[in-house]
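Those sequence lines, one after another, are chains A and B. At position 63 of the first sequence (counting the first as 1) the number is 152 in the working numbering, and the numbers step up by one without a gap. At position 65 of the second sequence (counting the first as 1) the number is 75 in the working numbering, and the numbers step up by one without a gap. These notes concern the structure reproduced below.
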Amino acid sequence: MAFTTRKSLLAKIKEGDEISWDEFYSAYRPLILLRGQDFDLKPTEKEDLVQIVMSEIFKGSREFLYDRGKGRFRDYIKKIINNQIARILRRRNSQEVPLCDNDFSQINVLEQAWSEEWRAHLMKMAMIELKNYVEPVTYQAFMLYGLHRKTSAEAAKFLDISVNAVYIAKNRCMELLKKIISDLEAEL
Amino acid sequence: MKHYNREELDLYRNGDMNLFSRIMCSEHLKICASCHKLLDSLKEDDALLEELRGKLNRLKHAAGDDTVKKKPLSGE
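See below:
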């Protein structure tokens, strides 16, 4: 049961709804920056990368629609990011700055890195989704005990619930999180 | 035979059970495959949580945000 009625970004991608620039930017900026790191892009180049990837996706509009006919979303965005990284590296090369070691010749390593980054991104999105499916206190208990490594007693005291309730919250969230991640892996 | 649920096994493995209950649970786990399997699944969840922490931190550092910034508890 969802506790909010706001449609998530993932639902919009899956269902082909319009997605706003701001929503997409906050969700995908970390993934794009992480990909930029694989190629040893400089900080300014990574920020440029975010902007040009966003521009490529939104094409001057404030909203975009994902056409599922383009294939899986993960492949669609990977292709855009990689193409823009290649442009940045070519620009660098034209300025007679040598390419970094992590160029496209290390394709297997880069594919593995992308898989890890995509999974990190899915986990982040899953955490956002999870928040919509559980009571706030359940989510807080999970965050404190599961993510922030507080003891069950500390989390219980802070939230004024029992230690057993902390474990119930953690197990409930883990169960949902696994399902959400699995669904995302299948659908995106 | 009384079986244990996830929360009881969490209490057991994290030392939140009283001594008597802990001994009972420990003896039960020696002979009950299904409870042992449940205990193993909790350990798998621990591994997933560890991965989750690592991945979220990686994204956090890449983006320079505070997605998983440690939240202070009262009294800290």
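Yeah, the Cβ is synthetic: ideal placement off N, Cα and C, and Gly gets one too.
Nearest to residue i (by Cα), restricted to the options the options
i: Leu199/A; options: Asn260/A, Asp127/A and Tyr114/A; result: Asp127/A
i: Phe147/A; options: Arg118/A, Leu277/A, Ile108/A and Tyr256/A; result: Ile108/A
i: Glu224/A; options: Leu233/A, Met214/A, Ala258/A and Met143/A; result: Ala258/A
i: Ile169/A; options: Trp203/A, Arg181/A and Asp249/A; result: Trp203/A
i: Leu48/B; options: Glu276/A, Asp272/A, Asn182/A and Asn260/A; result: Asn260/A
i: Lys101/A; options: Tyr155/A, Gln201/A and Asp129/A; result: Tyr155/A
i: Arg23/B; options: Asp164/A, Ile121/A, Ser241/A and Asp111/A; result: Ser241/A
i: Leu59/B; options: Glu276/A, Leu273/A, Met232/A and Leu277/A; result: Met232/A
i: Val226/A; options: Leu248/A, Lys267/A, Ile174/A and Ala175/A; result: Leu248/A
i: Glu274/A; options: Pro132/A, Gly125/A, Arg238/A and His210/A; result: His210/A
i: Gly25/B; options: Glu276/A, Tyr256/A, Lys267/A and Lys268/A; result: Tyr256/A
i: His71/B; options: Gly160/A, Pro132/A and Arg238/A; result: Pro132/A
i: Val142/A; options: Ile174/A, Arg157/A, Ile250/A and Asp164/A; result: Ile174/A
i: Tyr222/A; options: Asn182/A, Lys268/A and Ala116/A; result: Lys268/A
Assigned secondary structure, residue i (DSSP; H/G/I helix, E/B strand, else coil)
i: Leu277/A; result: coil
i: Glu264/A; result: helix
i: Ser109/A; result: strand
i: Glu152/A; result: strand
i: Ile166/A; result: helix
i: Asp127/A; result: helix
i: Glu86/B; result: At Glu86/B the pLDDT is 39, less than 50, meaning the model places this residue with poor confidence; the figure from the coordinates comes in the next sentence. Residue state, collapsed to three classes: coil.
i: Lys159/A; result: helix
i: Ile250/A; result: coil
i: Tyr117/A; result: helix
i: Ile180/A; result: Here the sequence assigns Arg to residue 180/A, which means Ile is not the residue at that position. Helix at Arg180/A.
i: Arg208/A; result: helix
i: His13/B; result: coil
i: Arg63/B; result: helix
i: Glu224/A; result: coil
i: Asn28/B; result: coil
i: Gly235/A; result: helix
i: Cys42/B; result: coil
i: Thr240/A; result: coil
Proximity of residue i and residue j at Cβ, strictly below 9 angstroms
i: Leu265/A; j: Leu219/A; result: yes
i: Ala105/B; j: Arg118/A; result: As shown, chain B starts at 11 and ends at 86. That puts residue 105/B outside it, with no answer to give.
i: Glu17/B; j: Asn253/A; result: yes
i: Ala244/A; j: Tyr228/A; result: no
i: Phe113/A; j: Phe153/A; result: yes
i: Ser31/B; j: Leu21/B; result: yes
i: Ala215/A; j: Ile270/A; result: yes
i: Leu123/A; j: Arg68/B; result: yes
i: Glu136/A; j: Ile177/A; result: no
i: Met212/A; j: Leu66/B; result: yes
i: Glu206/A; j: Leu120/A; result: yes
i: Leu19/B; j: Cys35/B; result: yes
Residue i: CB within 8 angstroms of a non-hydrogen atom of the ligand NAD
i: Tyr14/B; result: Ligands in the displayed structure: none, and consequently the ligand NAD is not present.
Taking a cut of 9 angstroms between CB atoms, which residues from the region 42 to 70 of chain B lie near chain A? In summary, the residues of the region 42 to 70 of chain B whose CB is separated from some CB of chain A by less than 9 angstroms are Leu52, Asp55, Leu58, Leu59, Glu61, Leu62, Arg63, Gly64, Lys65, Leu66, Arg68, Leu69 and Lys70, in the order they occur in the chain.
Using Cβ-Cβ distances below 8 angstroms, what residues of the region 217 to 233 of chain A are close to chain B? Met232 and Leu233
Give, in chain order, every residue of the region 242 to 258 of chain A whose Cβ lies closer than 7 angstroms to some Cβ of chain B. Glu243, Phe247, Val252, Asn253, Tyr256 and Ile257
For the region 135 to 169 of chain A, which residues have a beta carbon sitting closer than 7 angstroms to at least one beta carbon of chain B? none
Chain-ordered residues of the region 21 to 40 of chain B with a beta carbon less than 8 angstroms from chain A: Taking 8 angstroms as the upper bound on Cβ-Cβ separation, chain A lies near residues Leu21, Asn24 and Asp26 of the region 21 to 40 of chain B.
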